[in-house]
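Numbering (this note's numbering), first residue to last: 4 to 260. C-beta: ideal position from N, C-alpha, C; glycine also. Structure first, then comments.
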Amino acid sequence: MSSSNKRQQKKREQLRRVKASRTNPDEQPRPPRLNKMLQEAGREAEQIAAKLLKRSDRAELVEQIANSTRTLALKVIRSSPMDGKHACQAGCSFCCHTAVTVAPPEAFAIAAYLQDHCSSAERDKLRLRLDCNAELASSMPRNEYIASLIPCGLMTEDGNCMAHPVRPLACAGFLSTSRQKCEAEFKREPDRAAVPIDKFASAAGLCVAIGTQNACNGAGLDGTAIELHHALRRIMDTPDAAARWASGEEVFQDCLR
Ligand code: SF4
C-alpha cells in the first residue's frame, strides 16, 4: 500500500474512532409506549392551559398555567427510563451556558418568583445581567451565542438557578447521566464523548411547552416562545404585563424569539 493510501486509511480510522466515541451507548430507540406518553403529555398540557385561558379571570391565572403544566412535565420526566440515573445536582451548571426560550406563561411565572424571592439589590444585579445577555443574544446568531458559553443571567455565583422551582421547561427537561461528560463538553475537550442526555426528558419538556404555546395561540394570545433574558426584561419594564398579555396585547413585540 502506498504511503498516501496508508495516510488516508489512518485518517478514516481516526474519524471512525471519533464517531464511535461520540455515540451515546445509552441511546436506544424509544419504545412506542414512551412516544405515546409524550404525545399525551403535549395534548394534556394544551387542554390544561386552554381550560384556564377560557375563564374570564384568565389574567390572574397566567402563573397557574405555568405551574400546572410544569407539574405535568415533571411527572412525565419522572417516567423516563433514565430516572434515577441522572447526575444533575445543585451547583452543577455546565448546561446553564446556553440559549433558553420560554413560553409567555413560563416567563410570567419566573418573573413573579424573582419579584417575590429576591431582594431589590439582587434584582438590580439581575437586571444588569439580563440587559447584557439580551444585547448579546440580539447581536449574534443563536448557534454563535450557544458556542460562546455565556452564563445564563439567572445563574448565581455558586452555580445555582435563582428561579429553580419555576425554571423553564427546557431546563427542567435537560438532564444528563454523566457530570464528567458534561464537563468535558463544556471545556470542549478534543476527544470528548457525547453527553448522555436523557432525550425522553427533554422531549417531555418540549412537548409540554409546545402544548402550552398551542393553547395560548388557540385563545388568540401570543404563545410563541421568547428568548429568556428578553422576556424577563420586557416583563420588568411593562406594568401589568401579565394582564396585558392575557387581554391580547402584543407585550413581547420586538423581543428575540
Ligand atoms: S434558567 Fe436557571 S436552569 Fe435554566 S439555564 Fe438559566 S440558570 Fe440554568
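Not a single heavy atom of ligand 1 lies less than 6 Å from the C-beta of VAL65. Here the alpha carbon of ALA244 sits roughly 46 Å from the alpha carbon of PRO193. For ASN70, the uninterrupted alpha helix (DSSP H) segment begins and ends at 65-80. Counting along the chain, PHE255 sits inside no alpha helix (DSSP H), nor does DSSP assign it H or E at all. DSSP places LEU209 in the uninterrupted alpha helix (DSSP H) bounded by 202-221. Counting C-beta pairs with one atom in each stretch, the segment 164-181 and the segment 108-118 have three or more that are closer than 8 Å, which means they touch.
By the neighbour-count criterion, in which 16 or more other beta carbons inside 10 Å mark a residue as buried, CYS135 falls on the exposed side. Counting C-beta pairs closer than 8 Å gives three or more between the segment 216-224 and the segment 47-67, which meets the contact rule. Using a Cβ-Cβ distance cut-off of 8 Å, the segment 230-248 and the segment 59-74 are in contact, since at least three pairs of beta carbons, one from each stretch, lie closer than that value.
Take ARG145, set aside five residues on each side of it, and the residues of its chain with a beta-carbon closer than 8 Å to its own are ALA102, in chain order.
For SER123, the number of other beta carbons within 10 angstroms of its own is below 16, and it is reported as exposed.
Judged by their CB atoms, ILE213 and GLY45 are nearer to each other than the 7 Å cut-off.
When the Cα atoms are used, CYS210 and LEU41 turn out to be separated by approximately 6 Å.
Inclusion of ILE80 and ALA207 in the CB contact set at 7 Å is warranted, their separation being smaller than that value. A residue is called buried once 16 or more other Cβ atoms fall within 10 Å of its Cβ, and GLY226 is buried on that count. Take the alpha-carbon of ASP240 and the one of HIS233: they are about 11 Å apart.
Rounded to the nearest whole angstrom, the CA to CA distance from GLU47 to PHE177 is 21 Å. It is roughly 5 Å from the alpha-carbon of LEU231 to the alpha-carbon of THR104.
In the three-state reduction of the DSSP assignment, MET85 falls in the coil class, being assigned neither a helical nor a strand state. Of the residues ALA196, GLU49 and LEU157, the one whose Cα lies closest to the Cα of GLN118 is LEU157.
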